[in-house]
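Undergrad: These protein sequence lines map, in sequence, to chains G and Z.
All the letters of the first sequence, read from the start, carry residue numbers 3 to 393 under the numbering used here.
All the letters of the second sequence, read from the start, carry residue numbers -16 to 442 under the numbering used here.
Pasting a structure here, questions to come.
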Amino acid sequence: MERIIDQQFTIAPKYHQALLDWQAKHFPDMALLDKYWDKHFPGEKPFVLCAKTNPVKNDLIMQGKYRGRAKFQQARDMRGSMLYQALRIIKAQCSTELGSIQQHVDTVDASHSDYARFSVLRIMAEELRHAYQMFWVLSHDSSWASTGDKRIADNLMDELLAMDTGSHVLDAFNINFTDALDNIAFACFIDRVGKFQLSMQEEFAYAPMSASMRPMLKEEAFHLKTGWEVLREIAVNASLGIGAWQLADVQKKINLWYPRALEMFGNSEGGESNLQFSFKTISNAEAIQGYIKEVESLMQSLNASIIAAQHPDLSRSAIKERLLIDSPLYLPSTRFLRIRAATDTSNAQRVFDVSGKELAVGDYSRYLQQVLPEKFLSTDFGRQYLAQFAG
Amino acid sequence: METNFIHVQIHNQVAILELDDPSANTLTFHLLQELEQHFLHLEADPSIRGVILIGKGDKFFSGGVNIGMLLTAGRQHNSHFILYAAEVLDYIQSSQLPVVTIINGNITGGGLELALIADYRIAVEGDYNIGFPEVRLGVIPGMGGTQRLARLVGAQRALEMITQGEFISPQKSHSIGLVDQVLPVEAFRQEAISQATQYIHQHASQTLRRAQAFKHFPLLLEKNWVELSIEAGLATITLHSACEQYSALEILLALNELILELRTDDAVYALLIDNRCTTLGCDDSSEQVQLLQRQIAYIFGRISGYARISALAVRAPLSPLAFELALYCDYRLCRSALAQSDALQQINSLSPELERYQDFIPAPNSSEQWAVPVAQLIASSFLKPQDQPAEWLQRFIPPTGAGQAIGYAKLAITQGHTQAVSAALLLERHLQEQLFMSNDSKEGMKAYVEKRKPFFTGA
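In structure tokens form, the structure reads like this:
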């Protein structure tokens, strides 16, 4: 196979059509985006559903068991557990793309502004393109068929197309949105994890996957920008009593999505084999630390904007000083609402409040009703989670 | 064959095989293929006294069968995998080479099944998992684990361990006899290898290791002298005349790779081996015979154990290795020119497979080697005159033949007839149950009722 350069691809008609059918069912408003693209995103290239690749950063595998070897061009070259782990990562990646569209669609029409609405529609379209990209990874390389079951890649694509909120790989994508603030908090906190994962996957040992990352990252930057800017706008307005939400609502969304984001990185002890196979470049623990640092900085900036809006007379340095004693919004403790930890035997049935203090299991449901969005606890996901602590 | 997952070191005439597939050294087709290949070569190396199995690192010996593989690779693949894994484990266990497992960390499921084939197990002290969690995943140990564990620690203990799916400590494993020795963490690897080497030298057989050949095989064989092609459900392995330069073991290993490849291809319903050689296996010295017979039974046994019809195309009287191959095939199709000749077939096989042909091949005379006219083998149907073997095999291939049912019928007979009747009946029932779930059984019965020709799909 030749080295991949800047290119755009259309996938095999069968799966191209399957994704269009999926879009018609789960994202019927995509045509609106096309219609109003120039109004909301003037000067930007219109959206096209296709696969895109960029040259890989390194032709060689830079770390782990296969360090120094050329990146694998074909799936059949990945052997042993590496092959199945690669499939698992591609599946998880694609599941997040499709899953987020299924979440966004429920509440996007309730966005507080036209810009917010069309930004979310653009995010959804780009997530669909990312799913398309993963389908390209699975379908352009006929050697997947020689890695075991002939239909191994086809089966995976069929499985992905059949997934719904509740059956996706990662918990964050199994939670129904309950209002338009979810669209924005999700873009701010969950898409940011996506940025970390995609950046690490630029060094993915399977070249078609690594070559897919740069275009995805460019689009992901818009998702993060939207999440951050609109969340700041909503939070500032809320602090001034403007708009549909109060600051407490914003805080509750942070309490919900930030822990889900942390869990997307996997167990902090794990990730060793991803490093060995050069699927990722840093350990789970390092990635989590990097994410926390970035989000802490965002929170600092968000709080500064709120204080500046509430006290327009304060200077920058005065705002900084004020931040030391007044943080309108905060990140909950990393121990709070760790759903995966609850099924881990070492932490089974241990629950914590937003400050990281351990709570009695019997008090937990009542406590969550105070610190989480009320409607979340009525979703399938919320009810199933609470059921663990009942009686 | 590229080696990625088993690192081999020879130390003091003992081969140390280190499992290395991050992070849990899980069992996959690729890892087991490397294990099998290394073992076949080591077994044929007269300087080797025994084998040590150990995991890389200090966390895992092996976390068992790769669950990601089982989840994604499909039912047929998984079924092939379990069969293959069971065969490899059986073969290693029946070797005359003593095998010691060094348990350097977590060892669960299939990893523990692998360790159970060893003659001796040394474990590191510590807080890690030993056990069979399969029932927690809705399956059972399927590579011989239920039987080997029960025979090692007793049926009741095995039942408790497997049905509860819980892990036990190295100390507990030692107390019930699952592990023979527990050593401290400090300098564990070095000390365990030393103890294992000592055990091997005490228990290595003095008799079998006289074999002189096979020593310098490259692991990666260039095999332009054997060729596999697949067309419309028929796989053909051609043994070109260049095979005549290669030793019996080399031919066995080459055929083994192709047969393994075939078994995982669901689109194959019949196998034709087209032998174009006059002789096969160039250096079968008497010193190798015992080992060769073992490896023949193992590798050619994959043909008789393959749930597909197989045939050997015969152009001339068969050389000894080719005759052995013929015994493991379901049909032997000879050219009419040979059928009309007065050629003699030399028979010097000691294979237990001969029993299958007691009505086809006349009993030996007093000597170990005897000759039978080809015409007599044709008259008895051991050889079938057929100039168009590929066309003749179409009857077993969909849409004409119900390939899966035909293969299962073969399997019930070839595998069942050597077992106790109760076990054979169990096998037959299991295969029939599988077939009742197939589309072909529905189509076959429907076509029968509708008085039309069935159209089988092989599914």
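All C-beta atoms, glycine included, are put in the ideal place defined by N, C-alpha and C.
As the structure is a computational prediction, the values presented were derived from the model and not from experiment.
Since Z:Leu333 contacts Z:Ile282 with CB under 8 angstroms, what's their CB separation in whole angstroms?
TA: About 17 angstroms separates the two Cβ atoms, so there is no contact after all.
Undergrad: Does DSSP put Z:Lys466 in a helix, a strand or coil?
TA: Given that chain Z is displayed from residue -16 to residue 442, the structure contains no residue 466 of chain Z and the question cannot be resolved.
Undergrad: Would you verify that the beta carbon of Z:Asn49 is, or is not, closer than 9 angstroms to some beta carbon of chain G?
TA: It does: the Cβ of Z:Asn49 has a partner Cβ on chain G nearer than 9 angstroms.
Undergrad: Is G:Leu158 closer than 9 angstroms to G:Ile92 when the C-beta atoms are compared?
TA: Against a cut-off of 9 angstroms, the Cβ pair of G:Leu158 and G:Ile92 comes out as a contact.
Undergrad: Give the range of the beta strand (DSSP E) segment to which Z:Phe44 is assigned.
TA: 43 to 45 is the extent of the beta strand (DSSP E) around Z:Phe44.
Undergrad: Name the chain G residues whose beta carbon is nearer than 7 angstroms to that of Z:Gly386?
TA: Residues of chain G passing the Cβ test: none, with the nearest at roughly 16 angstroms.
Undergrad: Throw me the rounded Cβ distance for the Z:Ile105 and Z:Ala179 pair, which I believe falls under 8 angstroms.
TA: Between Z:Ala179 and Z:Ile105 the Cβ distance is about 6 angstroms, and since that is below 8 angstroms, they are a contact.
Undergrad: Classify G:Asp151 as buried or exposed, calling it buried when 16 or more other Cβ atoms lie within 10 Å of its own Cβ.
TA: Buried, because 16 or more other Cβ atoms sit within 10 Å of the Cβ of G:Asp151.
Undergrad: Find the nearest neighbour of Z:Gln387 within the set Z:Ala442, Z:Tyr229, Z:Leu295, judged by alpha-carbon distance.
TA: Comparing Cα positions, the closest option is Z:Ala442.
Undergrad: Residues of chain Z with a CB under 9 angstroms from the CB of G:Glu274: which are they?
TA: By Cβ distance, chain Z contributes Pro5, Ser6, Lys42.
Undergrad: Decide yes or no for the touch test of the region 198 to 209 of chain G against the region 157 to 175 of chain G: beta carbon pairs closer than 8 angstroms, at least 3 of them.
TA: Touching, no, given that fewer than three Cβ pairs across the two stretches are closer than 8 angstroms.
Undergrad: Which residue marks the beginning of the beta strand (DSSP E) containing Z:Asp257, and which one marks its end?
TA: Element bounds for Z:Asp257: 253 to 258.
Undergrad: According to DSSP, is G:Leu172 helix, strand or coil?
TA: Coil, per DSSP.
Undergrad: Would you say Z:Asn(-13) lies against chain G (beta-carbon separation less than 9 angstroms)?
TA: Yes, Z:Asn(-13) lies at the interface with chain G (some Cβ there is under 9 angstroms from its Cβ).
Undergrad: Indicate whether the contact test is met: 3 or more Cβ pairs, each with one atom in the region 304 to 318 of chain G and one in the region 231 to 246 of chain G, closer than 8 angstroms.
TA: A contact exists between the region 304 to 318 of chain G and the region 231 to 246 of chain G.
Undergrad: Would G:Gln95 count as contacting chain Z if we go by Cβ distances under 9 angstroms?
TA: Judged by the 9 angstroms Cβ criterion, G:Gln95 is not in contact with chain Z.
Undergrad: If you draw a straight line from the C-alpha of Z:Ser158 to the C-alpha of Z:Ala407, how long is it?
TA: For Z:Ser158 and Z:Ala407, the distance between alpha carbons rounds to 37 angstroms.
Undergrad: In chain G, what lies closer than 9 angstroms to Z:Gly57 by C-beta?
TA: The contacting residues are Gly150, Asp151, Lys152, Arg153, Ile154, Asn157.
Undergrad: Could you tell me the distance, in whole angstroms, from the CA atom of G:Arg81 to the CA atom of G:Leu123?
TA: When rounded, the distance between both Cα atoms is 39 angstroms.
Undergrad: Express the C-alpha separation of G:Asp61 and G:Gly70 in angstroms, rounding to a whole number.
TA: Rounded to whole angstroms, G:Gly70 to G:Asp61 spans 9 angstroms at the Cα level.
Undergrad: Using 10 angstroms around the beta-carbon of Z:Pro437, count the other beta-carbons present and answer buried if the total reaches 16, otherwise exposed.
TA: Classification of Z:Pro437: buried, given that the 10 Å Cβ count is 16 or more.
Undergrad: Give a yes or no on whether the minimum CB-CB distance between G:Phe224 and chain Z is below 9 angstroms.
TA: It does not; no Cβ of chain Z falls within 9 angstroms.
Undergrad: Report the three-state DSSP secondary structure of G:Cys52 (helix, strand or coil).
TA: The answer is coil: DSSP assigns G:Cys52 none of H, G, I, E or B.
Undergrad: Just checking: is the beta-carbon of G:Tyr17 within a distance shorter than 9 angstroms of some beta-carbon in chain Z?
TA: It does not: the Cβ of G:Tyr17 has no partner Cβ on chain Z nearer than 9 angstroms.
Undergrad: Taking the continuous beta strand (DSSP E) assigned at Z:Tyr103, which residues delimit it?
TA: Element bounds for Z:Tyr103: 103 to 107.
Undergrad: For G:Tyr68 and G:Gln278, I'd like the C-alpha separation in whole angstroms.
TA: Going from the Cα of G:Tyr68 to the Cα of G:Gln278 covers about 8 angstroms.
Undergrad: Does G:Phe11 come out as helix, strand or coil in the three-state DSSP assignment?
TA: It is a strand residue.
Undergrad: Is any beta-carbon of chain G found at less than 9 angstroms from that of Z:Ala309?
TA: With 9 angstroms as the cut-off, Z:Ala309 does not count as an interface residue toward chain G.
Undergrad: Let me know the secondary structure DSSP gives Z:Ala362 once reduced to three states.
TA: Looking at Z:Ala362 - three-state DSSP - the assignment turns out to be helix.
Undergrad: Can you give me the start and stop residues for the beta strand (DSSP E) that Z:Gly92 sits inside?
TA: First-last for Z:Gly92: undefined, no H or E at that position.
Undergrad: Does the region 18 to 33 of chain Z touch the region 78 to 86 of chain Z, meaning 3 or more C-beta pairs lie closer than 8 angstroms?
TA: Yes, they touch.
Undergrad: Return the CA-CA distance between Z:Glu374 and G:Arg153, expressed in angstroms with no decimal places.
TA: C-alpha separation (whole angstroms): 29 angstroms.
Undergrad: I believe Z:Tyr311 touches Z:Gly284 by the beta-carbon criterion, under 8 angstroms. Please report the beta-carbon distance rounded to the nearest angstrom.
TA: Confirmed, Cβ separation roughly 7 angstroms.
Undergrad: With a threshold of 9 angstroms between beta-carbons, can G:Phe391 be considered close to chain Z, or not?
TA: Not one chain Z Cβ lies under 9 angstroms of G:Phe391.
Undergrad: Hey, does G:Asp346 have any beta-carbon neighbour from chain Z nearer than 9 angstroms?
TA: Low local confidence applies: a pLDDT of 48 at G:Asp346 is under 50, so the model's placement there is unreliable, and no value is given.
Undergrad: Return the residues of the region 56 to 89 of chain G that lie within a Cβ-Cβ distance of less than 7 angstroms from chain Z, sorted by chain order.
TA: Against chain Z - using a Cβ distance shorter than 7 angstroms - the residues of the region 56 to 89 of chain G are Lys67, Arg81, Gly82, Ser83, Tyr86, Gln87, Leu89.
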